[in-house]
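Peer 1:
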């Protein structure tokens, strides 16, 4: 009994700001701690109900809304998140057509396990309200079906808290009191946006609690960021390393998914793979892509390899056996095991679980 209590106490110590559900279930022939959200580090709210789904966004691909042929190809892509694009990928004179095409696509697209996300224009463009009204507001009639609306809204160029407040007010007005609560993913695309990122997420988290949307992630917009700070984009992206590190740190502090930058050269698959693997090791949970050829390379980088899964499985099992035995320090494959390493292993298993449950 003493060793069991020690096991629980040690597990509590790795659950910073996270509520642990102390229940046991059969696992690998032994008993495993089941947590409410401690390894699900991507949730913005550690007290989310257990039935709140995790939406993988390892691959987030932009599909221009003005091109109906590309919209119809979405079911064949095999991407985690298909972004129905109203912003940068659509010319100004095609915005209205893009909104209509997206509205139509949401009616005919019947896809399981794909996050259909709407990227609206920024607040500063004066086009955001039209995007929300034409794609969401006009669709919320008496017989509206929530499943025919975007599951996620992507909000670009959030530089200030005011940008978020105005978006939330516009979303609330077009919802007309209907029970539509999309996931929200915001962008950092400027020095000001990065400086204000923490305050923006604080405000977004409060709106999320109030039920306006479900804050679920953030995206780093590298090309706009480079232009904003007057830098030159290089192949190895060293000029963005600090910004990416700060971005992922703040996003993870709020338990959000962190989506990494685009690799713009679609023919450079080696460079894409290297950059995606780097992002995964930095803590990013997915990556923006602009062409179907990039999908398998990015998905592989953000999915634990079989060898990594085996390592994590064996480590967690050894830890559980060790704690139940009441022995001293645990050595696994010649390495002393501490709480951070155990948490890394549990994160690996949770990623696999999240991906395969979709």
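In the UniProt record's numbering, the protein residues as written are 1 to 358. No residue lacks a Cβ here, since even glycine has one placed at the ideal position from N, Cα and C.
Residue 130 and residue 96 - do their beta-carbons sit closer together than 9 Å?
Peer 2: Taking 9 Å as the Cβ cut-off, residue 96 and residue 130 qualify as a contacting pair.
Peer 1: In the DSSP output, which residue or residues are listed as bridge partners for residue 181?
Peer 2: DSSP lists no partner for residue 181.
Peer 1: Assuming residue 78 and residue 295 form a contact by the criterion Cβ under 8 Å, report the distance between their Cβ atoms to the nearest whole angstrom.
Peer 2: About 6 Å; that satisfies the 8 Å criterion.
Peer 1: By the DSSP assignment, the alpha helix (DSSP H) with residue 309 in it spans what residues?
Peer 2: Counting along the chain, the alpha helix (DSSP H) containing residue 309 begins and ends at 306-325.
Peer 1: I'd like the span of the alpha helix (DSSP H) that includes residue 225, first residue to last.
Peer 2: From DSSP, the alpha helix (DSSP H) with residue 225 extends over 222-229.
Peer 1: Excluding the five sequence neighbours on either side, which residues of its own chain have a C-beta within less than 8 Å of the C-beta of residue 100, listed in chain order?
Peer 2: These residues qualify, in order along the chain: 134.
Peer 1: For a quick check, are the C-beta atoms of residue 372 and residue 304 less than 9 Å apart?
Peer 2: Any question about residue 372 goes unanswered here, given that the chain covers just 1 to 358.
Peer 1: Across the stretch 53-61 and the stretch 85-95, are there enough close Cβ pairs to call them in contact, namely three or more that are closer than 8 Å?
Peer 2: No: the two stretches stay apart, fewer than three of their Cβ pairs being nearer than 8 Å.
Peer 1: For residue 371, which option in 107, 121, 279, 153 has the closest C-alpha, if you only look at C-alpha atoms?
Peer 2: The first residue shown for the chain is 1 and the last is 358, placing residue 371 beyond what the model contains.
Peer 1: Is residue 116 near residue 86, with beta carbons less than 9 Å apart?
Peer 2: The answer is no: Cβ separation not under 9 Å.
Peer 1: Mind checking residue 281: buried by the 16 CB within 10 Å criterion, or exposed?
Peer 2: It counts as exposed.
Peer 1: Is there contact between the stretch 184-192 and the stretch 152-172, where contact requires at least three CB pairs shorter than 8 Å?
Peer 2: Touching, yes.
Peer 1: By the three-class DSSP mapping on this structure, what secondary structure does residue 193 have?
Peer 2: If DSSP states are grouped into helix, strand and coil, residue 193 belongs with the helices.
Peer 1: Mark residue 306 as exposed unless 16 or more other C-beta atoms lie within 10 angstroms of its C-beta, in which case mark it buried.
Peer 2: With fewer than 16 Cβ atoms within 10 Å of its Cβ, residue 306 is classed as exposed.
Peer 1: CA-CA distance, residue 63 and residue 312?
Peer 2: In a straight line, the C-alpha of residue 63 is about 36 Å away from that of residue 312.
Peer 1: Measuring alpha carbon to alpha carbon, tell me which residue in 223, 201, 211 is nearest residue 180.
Peer 2: Selected option, being the one with the closest Cα: 211.
Peer 1: What does a CB cutoff of less than 6 Å around residue 269 pick up in its chain, not counting 5 residues either side in sequence?
Peer 2: Closer than 6 Å at Cβ, skipping near neighbours: 297.
Peer 1: Applying the 10 Å Cβ sphere with the 16-neighbour rule, what's the burial state of residue 71?
Peer 2: Buried, because 16 or more other Cβ atoms sit within 10 Å of the Cβ of residue 71.
Peer 1: Quick one: which unbroken beta strand (DSSP E) runs of 3-plus residues sit fully inside the stretch 207-269? Chain order, please.
Peer 2: Runs found: 214-220, 257-260.
Peer 1: Check residue 123 in the structure and name its three-state DSSP category.
Peer 2: Note: residue 123 maps to helix in three-state DSSP.
Peer 1: Looking only at its chain, what residues have a beta carbon closer than 6 Å to the beta carbon of residue 333, apart from the 5 residues adjacent to it on each side?
Peer 2: Correct list: empty, nothing qualifies.
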